[in-house]
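Colleague: Can you read through this structure? Questions will come right after.
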Amino acid sequence: MEEQLVSITEVSERTGLQSSALRYYERSGLIRPRTRIGGRRHYEASVLQTLAVIALLQEVGFTISEIKKVLTGTGVRQPWRGLAEEKLSEIDEHIEKVRTARDLLAAALACECSGLHTCDLVQSRRGRHRKIVQGLRFHRPPR
Numbered sequence: 019m020e021e022q023l024v025s026i027t028e029v030s031e032r033t034g035l036q037s038s039a040l041r042y043y044e045r046s047g048l049i050r051p052r053t054r055i056g057g058r059r060h061y062e063a064s065v066l067q068t069l070a071v072i073a074l075l076q077e078v079g080f081t082i083s084e085i086k087k088v089l090t091g092t093g094v095r096q097p098w099r100g101l102a103e104e105k106l107s108e109i110d111e112h113i114e115k116v117r118t119a120r121d122l123l124a125a126a127l128a129c130e131c132s133g134l135h136t137c138d139l140v141q142s143r144r145g146r147h148r149k150i151v152q153g154l155r156f157h158r159p160p161r
């Protein structure tokens with residue numbers, strides 16, 4: 019029994035994706051139409067599950083090239099697990115940077131200095147961003 023085919027229009031309607039996004043996924047090698055009927059692309063119904071996987075992976079930060087590796091992976095230990103572990107580490111690093119940025123911003127807001135140029139918080143972090151601060155010295159407006 020042959021799998022049911024769905025048109026690009028139906029795939030678009032059922033997934034909420036634009037036809038242009040589906041064509042982009044084709045060019046990227048993520049999906050492939052089974053055939054053309056009347057000049058229109060038709061896919062196997064299983065493309066809907068593939069598109070759900072693509073959406074999930076994009077939502078957690080995978081790039082198109084990483085998604086392609088996941089979708090083409092085979093074997094006992096599929097490559098998606100290794101890629102997922104790498105992505106998890108990247109997300110953890112990003113979370114740490116965002117937490118640090120949030121803490122710095124909260125501290126700056128809580129500071130009672132008259133402005134950032136006189137703020138002790140900025141002065142205490144000056145060594146960490148020496149090149150930036152040195153560059154700013156040359157552009158400091160005259161007093």
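Going by this note's numbering, the final residue of the sequence shown carries number 161, and the count climbs one at a time with no gaps.
Ideal Cβ placement from N, Cα and C applies to all residues, glycine included.
Based on Cα-Cα distance, which residue from E111, I113, E84, C131 lies nearest to R99?
Modeller: Residue numbering aside, residue 99 sits at position 81 when the sequence shown is read from its first letter. Selected option, being the one with the closest Cα: E84.
Colleague: My understanding is that L66 touches T33, with C-beta atoms under 8 angstroms, so please give their C-beta distance in whole angstroms.
Modeller: Numbered from 1 along the sequence shown, position 48 holds the residue referred to as residue 66. Numbered from 1 along the sequence shown, position 15 holds the residue referred to as residue 33. At roughly 7 angstroms, the Cβ-Cβ gap stays under 8 angstroms, so L66 and T33 are in contact.
Colleague: R50 to H60, Cα distance in whole Å?
Modeller: As a first step, residue 50 must be located in the sequence shown, where it is residue number 32. As a first step, residue 60 must be located in the sequence shown, where it is residue number 42. Distance between the alpha carbons of R50 and H60: 9 angstroms.
Colleague: Where are the alpha helix (DSSP H) runs, 4 residues long or more, that stay fully inside the stretch 40 to 121, in chain order?
Modeller: Complete alpha helix (DSSP H) runs here, min 4: 65 to 77, 82 to 90.
Colleague: Report the three-state DSSP secondary structure of M142 (helix, strand or coil).
Modeller: For the purposes of this step, residue 142 is taken as the residue at position 124 of the sequence shown. In the sequence as displayed, the identity of residue 142 is Ser instead of Met. DSSP places S142 in helix when its eight states are reduced to three.
Colleague: Mind checking L75: buried by the 16 CB within 10 Å criterion, or exposed?
Modeller: Your numbering for residue 75 matches position 57 in the sequence shown. Result: buried.
Colleague: Measure the beta-carbon distance from R58 to L23 and round it to whole angstroms, keeping in mind my assumption that it falls under 8 angstroms.
Modeller: What you label residue 58 is simply residue 40 of the sequence shown in a count that begins at 1. What you label residue 23 is simply residue 5 of the sequence shown in a count that begins at 1. The pair is not a contact, with the Cβ atoms about 11 angstroms apart (cut-off 8 angstroms).
Colleague: What does DSSP give as the partner residues of L23 in its beta bridges?
Modeller: For the purposes of this step, residue 23 is taken as the residue at position 5 of the sequence shown. E62.
Colleague: Quick one: Cα of E31 to Cα of E77, how far?
Modeller: Locating residue 31 in the sequence shown gives position 13, counting from the first residue. Locating residue 77 in the sequence shown gives position 59, counting from the first residue. Cα to Cα, E31 sits roughly 20 angstroms from E77.
Colleague: Let's test the definition: count the other Cβ atoms within 10 Å of the Cβ of L123 and tell me whether it reaches 16, buried, or not, exposed.
Modeller: For the purposes of this step, residue 123 is identified with residue 105 of the sequence shown, where counting begins at 1. Answer is exposed; the Cβ neighbour count stays below 16.
Colleague: Assuming A126 and L139 form a contact by the criterion Cβ under 8 angstroms, report the distance between their Cβ atoms to the nearest whole angstrom.
Modeller: Counting from 1 along the sequence shown, the entry for residue 126 is found at position 108. Counting from 1 along the sequence shown, the entry for residue 139 is found at position 121. Between L139 and A126 the Cβ distance is about 6 angstroms, and since that is below 8 angstroms, they are a contact.
Colleague: In terms of alpha-carbon separation, which member of Q141, S64, E103, A63 lies closest to F80?
Modeller: In the sequence shown, the residue the question calls residue 80 occupies position 62. The shortest Cα separation from F80 among Q141, S64, E103, A63 belongs to E103.
Colleague: Tell me the rounded alpha-carbon separation between E111 and G133.
Modeller: In the sequence shown, residue 111 corresponds to position 93, counting from 1. In the sequence shown, residue 133 corresponds to position 115, counting from 1. Rounded to whole angstroms, E111 to G133 spans 31 angstroms at the Cα level.
Colleague: What's the call for I55, buried or exposed, on a 16-neighbour Cβ count within 10 Å?
Modeller: Indexing the sequence shown from 1 puts residue 55 at position 37. Burial call: exposed.
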